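Take a look at the structure below.
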Amino acid sequence: MSNSVIVIGGGPAGLQAAATLGNFGLDVTLVEQHDVLGGAVAQHQYQVLMPDFSSGPALVARLAGAVQNNPHVTVVTSASIGAVEEDQEGFRVQLEGSHPHELQAQAVVLATGFDHFDPRRDGKYGYGLFPDVITGAELEEMFAKGPVRRPSNGEVPQSVAFIYCVGSRDRQVGNTYCSRVCCAVSAKQSIEIREQLPKARISMFYMDVRTYGLWEDTLYWRSQEESGVVYVKGRIAEVTQKAGQPVLKGEDTLVRGPFEWPFDLVVLAAGMEPSQGTRLLSQKFHVDLEPHGFVQQSEPMRNASLTSRPGVFVAGSASGPKAIEDAIAEGDVASLAVMQYLKTKVVV
Amino acid sequence: MSHDKDTVTHLRLNPDDVGQQDAQSLLDAIQSDLRYEEVIHGCLNCGVCSGSCPSHRFFDYSPRIVVQTVLSGDAEAVKGMMDEYIWACAQCYTCAMRCPFHNSPGGLVMIMREVAVWRGMEAVHRLLKPYGRVLLKVLSIGNQLTPDMIQPDFFPDWGPKIPWSSTDLAIKRKAIPVYTLQVTTSAWRVSPETSYELYSIYEETGVFRLIEEIDPNLYEVVADMVEDLRDMVESAR
Ligand SMILES: Cc1cc2nc3c(=O)[nH]c(=O)nc-3n(C[C@H](O)[C@H](O)[C@H](O)COP(=O)(O)OP(=O)(O)OC[C@H]3O[C@@H](n4cnc5c(N)ncnc54)[C@H](O)[C@@H]3O)c2cc1C
Ligand code: SF4
Ligand code: SF4
Ligand code: SF4
């Protein structure tokens with residue numbers, strides 16, 4: 001039997017893993033549940049990417065092209081994983097979809113990614129109730145469609161607020177971790193909004209600004225220096241609506257104390273959770289989860305893609321919140337681990 | 349009577365503490381309360397509690413600052429807060445519903461208030477002044493509010509029927525088909541034996557000593573009442 005690998009999930013991490021494994025001559029099947037490749041970047045049509053303001057569509061085109069044009073990679077879209085069995089030969093995986101069939105492989109890469117936290121689960125933000133309260137992902141979709149407008153009346157917003165840490169760092173919703181990218185993504189989005197709306201008031205309501213590492217000055221400082229974005233330290237306690245406008249209620253913990261502040265448009269920096277697919281497939285492949293529900297990296301000090309189960313590897317946001325650049329890097333990290341694994345396993 | 353030492357300090361019911369107002373001992377009492385670990389886990393300093401707090405909106409009061417001050421360990425600052433600051437809390441517990449750390453700042457305030465009351469702090473003298481009548485009811489029969497305390501214009505938030513309810517009380521109470529409720533000076537009939545036992549508890553736990561500390565006039569009335577009732581019950585036995 002040849003060296004075959006199944007990569008599950010066609011986001012940045014899975015696409016990179018499949019392309020790299022294919023380039024090394026392994027026989028790869030990439031399984032994606034949707035009919036488009038590119039993961040969250042494609043589904044929410046990110047146009048401009050954090051941190052370098054490069055093009056989202058160009059990234060998706062490059063990553064998808066690399067698997068589609070690779071003779072060693074078979075791409076299966078609109079398909080899902082059914083029963084999974086393991087024997088000495090490796091894994092037998094039933095593929096469900098329009099052309100159900102069985103796949104065999106010696107190794108599997110889980111690149112099943114994340115889902116956005118649904119802010120309806122935290123009623124205090126009025127999401128789903130007030131039309132001008134949207135998520136960061138919906139703002140990306142808005143950027144893709146055209147200029148930014150208020151969903152309630154189609155008017156140009158004169159004021160925009162970003163609410164940080166929605167669905168993250170909060171015991172009340174069960175997510176006690178930080179989603180890592182939303183501070184930096186919000187800063188990027190505020191800079192983009194400024195380009196469209198030179199006069200608008202843009203305010204960021206934060207508990208901590210976590211534009212970690214090299215993003216501190218390139219995003220956080222830049223949004224203030226170049227784009228006149230204002231940062232207010234105070235986590236929003238609730239959003240109400242007055243005269244058709246969302247009103248943010250909170251405490252400015254450093255300067256002005258209590259406030260009730262109306263904005264034309266409110267963007268929720270909703271965090272990342274293990275996706276439905278990540279939850280489901282971790283069960284099917286019997287890999288351990290870490291306490292927040294992501295796939296546990298069993299030996300991150302050795303290789304980031306190792307799981308509790310030999311032969312099953314993980315890449316991208318399935319193992320925790322992370323940026324696209326890290327998801328792509330992990331696609332390669334997983335490829336390396338798969339190659340090492342197959343080398344020890346297969347007797348030539 | 350034997351005291352289980354741990355229980356006594358945890359519940360801050362040590363009668364010897366009445367009147368003890370050393371700042372560090374107040375903070376120790378707050379932090380050794382059985383509930384403390386449940387209401388405060390740490391604090392992200394995020395402002396969600398204060399942002400949610402109706403009192404923060406209208407007074408110089410922030411639950412976040414209460415939590416931060418207690419966590420800072422600055423006993424004098426905590427004592428200062430117990431004089432006036434914490435009494436602005438409405439005990440609505442919205443903060444507890446929202447705090448991302450699962451703290452209950454309102455619960456912390458409740459502990460601080462109980463300590464302030466137990467230690468007979470100056471603020472408590474002031475704050476309990478308007479409640480003399482309620483206190484007397486609680487101390488004498490264990491009821492807080494009784495039918496004869498209802499006045500036509502006292503409780504507008506209880507609805508439009510209140511003026512009507514406050515008239516012809518005796519007849520209306522008689523109409524309740526429950527014998528123990530056919531009274532007007534207490535919420536239900538309280539037997540002398542019950543009051544007798546209540547007084548023993550108040551005495552053992554230091555409640556009478558506390559009342560003597562914070563409202564000597566009230567205490568005089570209560571002391572007479574207790575003596576009379578005890579004489580009556582004991583001679584009837
Ligand atoms: C609003 C927002 C904006 C962001 N913007 C940026 C940015 O500008 N720059 C940046 O670096 N990061 C950004 N991120 C983070 C970025 O989206 C992630 O780092 C990246 O998408 C992770 O890639 P992934 O391949 O691990 O997962 P995903 O993109 O989630 O891809 C997972 C794929 O797996 C598929 N899948 C899941 N389950 C199954 C299954 N059972 N069977 C088959 N397929 C399955 C999914 O359909 C999906 O296609 C942003 C995040 C948010 C929330
Ligand atoms: S990255 Fe920023 S907004 Fe996102 S959870 Fe972390 S601190 Fe909150
Ligand atoms: S319980 Fe007190 S501190 Fe908490 S929100 Fe209500 S009034 Fe504010
Ligand atoms: S909501 Fe909780 S964590 Fe935030 S400031 Fe208040 S007590 Fe601290």
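Protein chains in written order, with the working numbering: chain V, 1 to 348; chain D, 349 to 585. All C-beta atoms in this analysis are idealised placements derived from N, C-alpha and C, irrespective of residue type, glycine included. In this text, all values refer to a predicted model and were calculated from it rather than measured experimentally.
Taking 6 Å as the line, does the beta carbon of D/Cys391 fall inside it for any heavy atom of ligand 4? Taking the second sequence and counting its residues from 1, one reaches residue 391 of chain D at position 43. D/Cys391 Cβ: within cutoff of ligand 4.
Measuring CB to CB, does V/Gly316 end up less than 7 Å from V/Ala111? As a position in the first sequence, residue 316 of chain V is number 316, starting the count at 1. As a position in the first sequence, residue 111 of chain V is number 111, starting the count at 1. The answer is yes: Cβ separation under 7 Å.
Quick check: is any heavy atom of ligand 1 less than 6 Å from the C-beta of D/Met429? To locate residue 429 of chain D, count along the second sequence from 1; it is residue 81. For D/Met429, the distance from the CB to the nearest heavy atom of ligand 1 is not below 6 Å.
Can you check whether the C-beta of V/Thr211 is within less than 7 Å of a C-beta belonging to chain D? Along the first sequence, read from residue 1 onward, the residue named residue 211 of chain V stands at position 211. No - not a single Cβ of chain D is within 7 Å of the one on V/Thr211.
Near D/Lys520, which residues of its chain fall below 8 Å by C-beta distance, leaving aside the five closest residues on each side in sequence? The residue labelled residue 520 of chain D in the question sits at position 172 within the second sequence. For D/Lys520, where only same-chain residues beyond five positions count, the Cβ hits under 8 Å are Ser513.
With DSSP as the reference, please indicate the residues paired to V/Pro246 in a beta bridge. Indexing the first sequence from 1 puts residue 246 of chain V at position 246. Beta-bridge pairing links V/Pro246 to V/Gln241.
Quick one: using the 10 Å Cβ neighbour count with 16 as the cut-off for buried, is V/Ala13 buried or exposed? On the first sequence, residue 13 of chain V is found 13 positions in, with the first residue counted as 1. Classification for V/Ala13: buried.
Taking the alpha carbon of D/Lys522 as the reference point, which residue from D/Lys509, D/Arg537, D/Ile510 has its own alpha carbon closest? One-based indexing of the second sequence puts residue 522 of chain D at position 174. Of the listed residues, the one whose Cα sits closest to D/Lys522 is D/Arg537.
Look at V/Pro321 and V/Gly293 and say whether their C-beta atoms are less than 7 Å apart. Here residue 321 of chain V corresponds to residue number 321 of the first sequence, with the count starting at 1. Here residue 293 of chain V corresponds to residue number 293 of the first sequence, with the count starting at 1. Taking 7 Å as the Cβ cut-off, V/Pro321 and V/Gly293 do not qualify as a contacting pair.
Closer than 7 Å, Cβ to any Cβ of chain V: which residues of the stretch 373–403 of chain D, in chain order? Residues of the stretch 373–403 of chain D with a C-beta less than 7 Å from any C-beta of chain V: Leu392, Asn393, Cys394, Gly395, Val396, Ser398, Gly399, Ser400, listed in chain order.
Roughly how far, in whole angstroms, is the beta-carbon of V/Leu306 from the beta-carbon of V/Ser298, given that I think they are within contact range, below 8 Å? By one-based count along the first sequence, residue 306 of chain V stands at place 306. By one-based count along the first sequence, residue 298 of chain V stands at place 298. Going by Cβ atoms, the distance from V/Leu306 to V/Ser298 rounds to 5 Å, so yes, they are a contact pair.
Classification of D/Ser539 by the beta-carbon crowding that lies within 10 angstroms, buried from 16 upward: Stepping through the second sequence from its first residue, residue 539 of chain D is reached at position 191. So D/Ser539 counts as exposed.
Contact between the stretch 452–472 of chain D and the stretch 402–419 of chain D (3+ Cβ pairs under 8 Å): yes
What do you get for V/Tyr46, buried or exposed, if any count of 16 or more other CB atoms within 10 angstroms of its CB means buried? The residue labelled residue 46 of chain V in the question sits at position 46 within the first sequence. The residue in question, V/Tyr46, is buried, as its Cβ has 16 or more Cβ neighbours within 10 Å.
Contact set for V/Thr74: own chain, Cβ-Cβ below 6 Å, skip 5 residues either direction: Here the question's residue 74 of chain V lines up with position 74 in the first sequence. Excluding sequence neighbours, V/Thr74 sits near Thr29.
Which runs of the alpha helix (DSSP H), 4 residues or longer, sit entirely within the stretch 36–100 of chain V? 39–43, 56–68
At which residue ranges does the stretch 6–41 of chain V contain complete alpha helix (DSSP H) runs of 4 or more residues, listed in the order of the chain? 12–23
Taking the beta carbon of D/Ser400 as the centre, do at least 16 other beta carbons fall within 10 Å, making it buried, or is it exposed? The sequence position of residue 400 of chain D within the second sequence is 52, counting from 1. Under this definition D/Ser400 is a buried residue.
So with CB distances below 8 Å, who are the chain D contacts of V/Met301? Mapped onto the first sequence, residue 301 of chain V falls at position 301. Within chain D, no residue comes near V/Met301; the closest Cβ sits about 28 Å away, beyond 8 Å.
Can you give me the Cβ contacts of D/Thr417 inside the same chain, cut-off strictly under 8 Å, excluding the 5 residues immediately before and after it? Here residue 417 of chain D refers to the residue found at position 69 when the second sequence is read from its first residue. Ala425, Val426, Met429, listed in sequence order.
Where does the unbroken alpha helix (DSSP H) through D/Thr494 begin, and where does it stop? As a working mapping, residue 494 of chain D is identified with position 146 in the second sequence. Premise fails: D/Thr494 is in no alpha helix (DSSP H) and is neither H nor E.
When D/Cys447, D/Pro511, D/Leu558 are compared against D/Asp501, the one with the closest alpha-carbon: For the purposes of this step, residue 501 of chain D is taken as the residue at position 153 of the second sequence. The residue with the shortest Cα to Cα distance from D/Asp501 is D/Pro511.
Opposing strand residues paired with V/Val232 [DSSP bridges]: Indexing the first sequence from 1 puts residue 232 of chain V at position 232. Paired residues: V/Phe205.
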